[in-house]
Structure formats: structure tokens, C-alpha cells
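One structure is given below, encoded as C-alpha cells.
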Amino acid sequence: WDVRYEELLSYVKEFGDARVTGNFASNPPLGKWVTKQRRDYKHFQNDSSSNVITDEKVQLLNNIGFQWILIAQSPKCVPWEVRYEELKNYVKKFGN
115 WDVRYEELLS
125 YVKEFGDARV
135 TGNFASNPPL
145 GKWVTKQRRD
155 YKHFQNDSSS
165 NVITDEKVQL
175 LNNIGFQWIL
185 IAQSPKCVPW
195 EVRYEELKNY
205 VKKFGN
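In terms of the numbering used here, the sequence shown opens at residue 115 and continues consecutively.
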């Protein structure tokens with residue numbers, strides 16, 4: 115997990131975001147890993163006692179702006195769920 119997370123950090127430094135697609139041609143293992151994180155997070159949301167991904171790992175990914183949901187729409191059209199996650203992260207970080 116840590117090796118791929120470091121690769122994701124490098125991606126963020128290079129591209130300025132954490133919107134890695136599952137078919138990321140430059141690093142297929144990273145693409146597969148982010149797909150797994152998204153899938154594990156869906157399970158985590160339904161059952162936070164699930165051990166597929168820990169709260170700590172979710173927080174690490176949130177801290178770098180990891181995109182749990184990717185959409186192929188206009189950047190102006192952001193799904194409600196995405197904004198809700200951003201709001202939850204903001205409240206957790208700033209408390210208001």
C-alpha cells in the first residue's frame with residue numbers, strides 16, 4: 115500500500131491533482147491500485163468496521179485530494195456526492 119501511495123504522491127506533484135484513472139497508461143499498477151482504493155472505500159462507507167481500508171488510509175488519501183469518484187463530465191458539473199465528501203473533509207479539518 116505504501117509504495118503505491120508514494121507513487122500517487124509523485125503523480126500529484128507532477129499533475130497537480132489526484133485524479134488517477136484506472137487505466138493510467140504510464141503506471142498500470144498505480145491505476146489498478148487507485149481502482150481498488152475506490153472500490154474498498156465504497157465498502158468502507160457501507161460498513162466502517164470493514165477491514166478493506168482503514169480510516170487512517172482514507173484520511174491519508176483525503177489529505178492529498180484523492181478523487182474517490184471520477185466523472186467524465188465538465189469540471190463545472192460536479193456530482194453532489196463529491197461536494198458532500200469535500201464538505202465532510204472540510205468540517206473534519208476546520209471544525210466549522
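Here a beta-carbon is modelled for each residue, glycine too, at the ideal position from N, C-alpha and C.
In this structure, the alpha-carbon of Asp-154 lies about 6 Å from that of Ile-167.
For Ser-124, the enclosing alpha helix (DSSP H) stretches over residues 116-129.
The Cβ-Cβ distance between Gln-181 and Arg-133 falls below 8 Å.
The DSSP assignment places 142-160 as complete runs of the alpha helix (DSSP H) inside the region 137-167, in order along the chain (cut-off: 4 residues). CA-to-CA, the gap between Leu-201 and Ser-140 works out to about 32 Å. By the neighbour-count criterion, in which 16 or more other beta carbons inside 10 Å mark a residue as buried, Phe-208 falls on the exposed side. When the alpha-carbon of Lys-171 is set against those of Asn-160, Glu-128 and Arg-152, the nearest one is in Arg-152.
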